[in-house]
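Visitor:
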Amino acid sequence: MAKEKKAKANTLSNDYGASMDRIVSLCKRRGFVYPSSEIYGGLSATWDYGPLGVELKKNIQEAWWKDMVRRHDNIVGIDAAIMMHPRTWEASGHVENFTDPLVDCKKCKTRFREDHLDEKALADKVCPECGGELTEPRQFNLMFTTHMGPVEDSGSVIYLRPETAQGIFVNFKNVVDTSRVQIPFGIAQVGKAFRNEITTKNFIFRTCEFEQMEMQYFVKPGNEDEAFDDWKSKRMAWYIDRLGISPQRLRFTEHGPDELAHYAKVAFDIEYEYPFGWQELEGVHSRTDYDLRRHGEFSGKEINYLDPADNSRFVPYVIETSSGLTRSVLVTLMDAYHEEKIGVDKKGNDDIRTVLHFHPDIAPVMVAVLPLVKKDGLAELAKKIEKDLREDFSTFYDQGGAIGRRYRRMDEIGTPFCVTVDYDSKEDETVTMRFRDSMEQIRIPIDGLAERIRREIRSYKRV
Ligand code: ATP
Numbered sequence: 000m001a002k003e004k005k006a007k008a009n010t011l012s013n014d015y016g017a018s019m020d021r022i023v024s025l026c027k028r029r030g031f032v033y034p035s036s037e038i039y040g041g042l043s044a045t046w047d048y049g050p051l052g053v054e055l056k057k058n059i060q061e062a063w064w065k066d067m068v069r070r071h072d073n074i075v076g077i078d079a080a081i082m083m084h085p086r087t088w089e090a091s092g093h094v095e096n097f098t099d100p101l102v103d104c105k106k107c108k109t110r111f112r113e114d115h116l117d118e119k120a121l122a123d124k125v126c127p128e129c130g131g132e133l134t135e136p137r138q139f140n141l142m143f144t145t146h147m148g149p150v151e152d153s154g155s156v157i158y159l160r161p162e163t164a165q166g167i168f169v170n171f172k173n174v175v176d177t178s179r180v181q182i183p184f185g186i187a188q189v190g191k192a193f194r195n196e197i198t199t200k201n202f203i204f205r206t207c208e209f210e211q212m213e214m215q216y217f218v219k220p221g222n223e224d225e226a227f228d229d230w231k232s233k234r235m236a237w238y239i240d241r242l243g244i245s246p247q248r249l250r251f252t253e254h255g256p257d258e259l260a261h262y263a264k265v266a267f268d269i270e271y272e273y274p275f276g277w278q279e280l281e282g283v284h285s286r287t288d289y290d291l292r293r294h295g296e297f298s299g300k301e302i303n304y305l306d307p308a309d310n311s312r313f314v315p316y317v318i319e320t321s322s323g324l325t326r327s328v329l330v331t332l333m334d335a336y337h338e339e340k341i342g343v344d345k346k347g348n349d350d351i352r353t354v355l356h357f358h359p360d361i362a363p364v365m366v367a368v369l370p371l372v373k374k375d376g377l378a379e380l381a382k383k384i385e386k387d388l389r390e391d392f393s394t395f396y397d398q399g400g401a402i403g404r405r406y407r408r409m410d411e412i413g414t415p416f417c418v419t420v421d422y423d424s425k426e427d428e429t430v431t432m433r434f435r436d437s438m439e440q441i442r443i444p445i446d447g448l449a450e451r452i453r454r455e456i457r458s459y460k461r462v
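Under numbering that gives the first Met the number 0, the first residue of the sequence shown carries the number 0, and numbering increases by one thereafter.
(1) Does ligand 1 have even one heavy atom less than 8 Å from the beta-carbon of ASP290?
(2) Going by the C-beta, is PHE313 closer than 8 Å to any heavy atom of ligand 1?
(3) Going straight from the alpha carbon of VAL156 to that of PHE143, what length do you get?
(4) Starting from the Cα of ASN502, find the closest Cα among GLY403, CYS126 and VAL174 and give me that residue.
(5) Could you tell me the boundaries of the alpha helix (DSSP H) in which ILE456 lies?
(6) Would you please state the rounded distance, in angstroms, between the beta carbons of THR320 and ARG234? I believe it to be under 8 Å.
(7) Quick one: what does DSSP say PRO370 is sitting in, helix, strand or coil?
(8) Excluding the five sequence neighbours on either side, which residues of its own chain have a C-beta within less than 6 Å of the C-beta of VAL102, listed in chain order?
(9) What is the rounded straight-line gap between the Cα of SER197 and the Cα of LEU259?
(10) Would you mind working out which of TRP230, THR414, LYS425 and LEU355 sits nearest ASP66, comparing C-alpha positions?
(11) Using a 10 Å radius around the Cβ and a threshold of 16 neighbouring Cβ atoms, would you call GLU213 buried or exposed?
(12) Can you grab the Cα-Cα spacing for the pair GLU253 / HIS115, in whole Å?
(13) Applying the 10 Å Cβ sphere with the 16-neighbour rule, what's the burial state of ASP423?
(14) Count the other CB atoms, across all protein chains shown, that sit within 10 Å of the CB of ILE244; report buried if there are 16 or more and exposed otherwise.
(15) Is the stretch 22-31 touching the stretch 39-55 in the sense that three or more CB pairs, one from each, lie closer than 8 Å?
(16) Would you call the stretch 366-380 and the stretch 409-429 in contact, with 3 or more CB pairs under 8 Å?
(17) Quick one: complete beta strand (DSSP E) runs, 3+ long, within the stretch 351-405?
(18) Hey, could you find the ends of the beta strand (DSSP E) CYS417 is sitting in?
(19) In chain order, what residues of the same chain lie with their CB nearer than 8 Å to the CB of MET0, ignoring the 5 residues before and after it?
(20) Helix, strand or coil: how does DSSP classify GLY243 here?
(21) To which residues of the same chain is THR394 closer than 6 Å at the C-beta, ignoring the five residues directly before and after it?
(22) Quick one: what's got a C-beta closer than 6 Å to GLU162's C-beta in the same chain, skipping five residues either side?
(23) For PHE204, which residues does DSSP report across the bridge?
(24) Compute every distance between the C-beta of ARG194 and the non-hydrogen atoms of ligand 1, then say whether any falls below 8 Å.
(25) Taking 8 Å as the line, does the beta carbon of ARG70 fall inside it for any heavy atom of ligand 1?
(26) Could you check the C-alpha separation between LYS264 and ASP176 for me, to the nearest Å?
(27) Relative to ligand 1, is the shortest distance from any of its heavy atoms to the C-beta of TYR253 smaller than 8 Å?
(28) Could you compute how far the alpha carbon of ARG405 sits from the alpha carbon of ASP47?
(29) Any idea what DSSP makes of CYS26, helix, strand or coil?
(30) Does the beta-carbon of ALA308 have 16 or more other beta-carbons within 10 angstroms, so that it is buried, or is it exposed?
(31) Can you determine whether any heavy atom of ligand 1 sits closer than 8 Å to the C-beta of PHE209, and answer yes or no?
(32) Please report the straight-line C-alpha distance between ARG435 and PHE416, rounded to a whole angstrom.
(33) Between which two residues does the beta strand (DSSP E) holding ASN140 run?
(34) Could you tell me which residues DSSP puts in a beta bridge with MET82?
(35) Relative to the alpha-carbon of ILE182, which residue among ASN195, PHE209, PRO149 and VAL218 has its alpha-carbon at the smallest distance?
(36) Excluding the five sequence neighbours on either side, which residues of its own chain have a C-beta within less than 6 Å of the C-beta of THR331, listed in chain order?
In structure tokens form, the structure reads like this:
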């Protein structure tokens, strides 16, 4: 039975060959993501990012920050504490409402989110795994609690933030008072969030500890629809243009009346087609003035904005763009993953290469420098070239094994460019530049190599 299940999971792949099993295995093998505290048997729903994973995550985060904060003169960043005053979560509605309906199978004891069950399981109240009877749903609050100070009583309870957004709302006044922003303006934040999720399968898709990239955009009431449409299209374009995600695997889904938060005016999810179906990647929400108003009420401090243009005073409306950073890592990996037939080997079998077609801007390694052989001064020359390139790019030096095998290793981690140093390099000061996507090789001068790579990155088009 276990074997059969495994085989089924393996066939669950997109048409490029990315299945969850293959992604998990590649991530472990090449140092993108490891199970957390693995030597103790791991801790479910938590993962550690290895040397390549942390680079990929940082590059995605930087691409987002650059696009949001650096490219917009009316968006500023903050970095709020994870632990916030507990009243924050009363005001935001999380203490009362941040719950999921939990059901248990009486037979196999598996736990489910009732709203994630398919229609048949819901109607029959039977477990989709074993057909056993399901319990009645219980509301389960997703916030992790802990205690601040030495005494663990109800007065010392605090929460690990379940979203980064509230850190922005409670700092609205601070930012207005201390920076030169004027409405419309945005506040951006990237950071960890924690949710005691009931079901956490699918690798890093849904975890208890994850990272979000959120931006709250404050507008004058009445201008929210225009701002919403603008951010909705900008955010979709970001995934396509900056992360290089295939547009046909992205779509918008509007929240229906039963899903829409009571204070929200309109909400869309940007969804990606994972091997396990279409699921959320980012939420773009028009949240009215709910959050600022509530924090004003709960804190007893007036939170509003004085418009210098006409001296009017109002509580701004908010457009929220809420993206999962760790979920974006998964999408980037899934979308980049290809298994490609590139010929036939000596035994007549298909020669398949595994390649990650990362956008060069976010690839953990941008350029690999490889001496054809390590003797006769080629290693020294290659090391010098790599050292010079290190100033501008993330680089990797590899001198071990056949050159074809080294190219494959670089393909598998998504390195867009390889530079190979051979005997001619010593004579004519040229190197071979090899392109990951096309596998094309060209000969170019060492002088001007960095400029050539920059040009290739600027003009990069996903195959
Ligand atoms: P769901 O309904 O799937 O639980 P949500 O609608 O509650 O998700 P949001 O609160 O809108 O999610 O969070 C914004 C983004 O944060 C999501 O689009 C997702 O990318 C990310 N995110 C939320 N929960 C998790 C999690 N448990 N693990 C990883 N990323 C998450």
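All residues carry an ideal CB built from backbone N, CA and C; glycine is no exception.
Guide: Let me lay it out:
(1) Along the sequence shown, read from residue 1 onward, the residue named residue 290 stands at position 291. No, the beta carbon of ASP290 sits no closer than 8 Å to any heavy atom of ligand 1.
(2) The residue labelled residue 313 in the question sits at position 314 within the sequence shown. No, the beta carbon of PHE313 sits no closer than 8 Å to any heavy atom of ligand 1.
(3) The residue you call residue 156 lines up with position 157 of the sequence shown. The residue you call residue 143 lines up with position 144 of the sequence shown. C-alpha separation (whole angstroms): 10 Å.
(4) The chain is shown only over 0 to 462; residue 502 falls outside these bounds and no answer can be derived.
(5) Taking the first residue of the sequence shown as position 1, residue 456 is located at position 457. Element bounds for ILE456: 448-457.
(6) For this step, residue 320 is matched to residue 321 along the sequence shown. For this step, residue 234 is matched to residue 235 along the sequence shown. Right, the Cβ-Cβ distance comes to about 5 Å (below 8 Å), so this counts as a contact.
(7) As a first step, residue 370 is located in the sequence shown; it is residue number 371 there, counting from the start. In the structure shown, PRO370 sits in a strand (DSSP, three-state: E or B).
(8) Here residue 102 corresponds to residue number 103 of the sequence shown, with the count starting at 1. Hits under 6 Å: PHE111, GLU113, LEU133, THR134 and PRO136.
(9) Position 198 of the sequence shown holds residue 197. Position 260 of the sequence shown holds residue 259. Correcting the residue type first, residue 197 is Ile in the shown sequence and not Ser. Going from the Cα of ILE197 to the Cα of LEU259 covers about 21 Å.
(10) Position 67 of the sequence shown, counted from the start, is the residue given in the question as residue 66. Of the candidates TRP230, THR414, LYS425 and LEU355, the one whose C-alpha sits nearest the C-alpha of ASP66 is TRP230.
(11) For the purposes of this step, residue 213 is taken as the residue at position 214 of the sequence shown. With 16 or more other Cβ atoms within 10 Å, it is buried.
(12) The sequence position of residue 253 within the sequence shown is 254, counting from 1. The sequence position of residue 115 within the sequence shown is 116, counting from 1. Their backbone Cα atoms lie some 18 Å apart in a straight line.
(13) Locating residue 423 in the sequence shown gives position 424, where the first residue counts as 1. Burial call: exposed.
(14) For this step, residue 244 is matched to residue 245 along the sequence shown. Under this definition ILE244 is a buried residue.
(15) yes
(16) yes
(17) 366-370 and 394-396
(18) For the purposes of this step, residue 417 is identified with residue 418 of the sequence shown, where counting begins at 1. Counting along the chain, the beta strand (DSSP E) containing CYS417 begins and ends at 416-420.
(19) For this step, residue 0 is matched to residue 1 along the sequence shown. Any reading at MET0 is ruled out, since the residue's pLDDT is 28, under 50, leaving its predicted position unreliable.
(20) Residue numbering aside, residue 243 sits at position 244 when the sequence shown is read from its first letter. Coil, per DSSP.
(21) For the purposes of this step, residue 394 is taken as the residue at position 395 of the sequence shown. Taken in chain order, the residues that qualify are VAL366, GLU385 and LEU388.
(22) Here the question's residue 162 lines up with position 163 in the sequence shown. Same-chain partners within the cutoff: ALA192.
(23) The residue you call residue 204 lines up with position 205 of the sequence shown. DSSP lists no partner for PHE204.
(24) Indexing the sequence shown from 1 puts residue 194 at position 195. Yes, ligand 1 has a heavy atom inside 8 Å of this Cβ.
(25) Within the sequence shown, numbered from 1, the residue matching residue 70 stands at position 71. No, since every heavy atom of ligand 1 falls outside the 8 Å radius drawn around the Cβ of ARG70.
(26) Along the sequence shown, read from residue 1 onward, the residue named residue 264 stands at position 265. Along the sequence shown, read from residue 1 onward, the residue named residue 176 stands at position 177. Spanning the two alpha carbons is a distance of roughly 28 Å.
(27) For the purposes of this step, residue 253 is identified with residue 254 of the sequence shown, where counting begins at 1. One point to set straight first is that residue 253 is Glu, not Tyr, in the sequence displayed. Every heavy atom of ligand 1 is 8 Å or more from the Cβ of GLU253, so no.
(28) Counting from 1 along the sequence shown, the entry for residue 405 is found at position 406. Counting from 1 along the sequence shown, the entry for residue 47 is found at position 48. Taking the straight line from one Cα to the other gives about 26 Å.
(29) Taking the sequence shown and counting its residues from 1, one reaches residue 26 at position 27. It is helical.
(30) One-based indexing of the sequence shown puts residue 308 at position 309. Exposed, by the Cβ-count rule.
(31) Numbered from 1 along the sequence shown, position 210 holds the residue referred to as residue 209. It does: the Cβ of PHE209 is within 8 Å (strictly closer) of some heavy atom of ligand 1.
(32) Stepping through the sequence shown from its first residue, residue 435 is reached at position 436. Stepping through the sequence shown from its first residue, residue 416 is reached at position 417. Computed Cα separation, rounded: 6 Å.
(33) Sequence index remark: in the sequence shown, residue 140 carries index 141 (1-based). Segment 137-140, the beta strand (DSSP E) holding ASN140.
(34) For the purposes of this step, residue 82 is identified with residue 83 of the sequence shown, where counting begins at 1. DSSP lists LEU159 as partners of MET82.
(35) Residue numbering aside, residue 182 sits at position 183 when the sequence shown is read from its first letter. Of the candidates ASN195, PHE209, PRO149 and VAL218, the one whose C-alpha sits nearest the C-alpha of ILE182 is VAL218.
(36) Within the sequence shown, numbered from 1, the residue matching residue 331 stands at position 332. Hits under 6 Å: LEU242.
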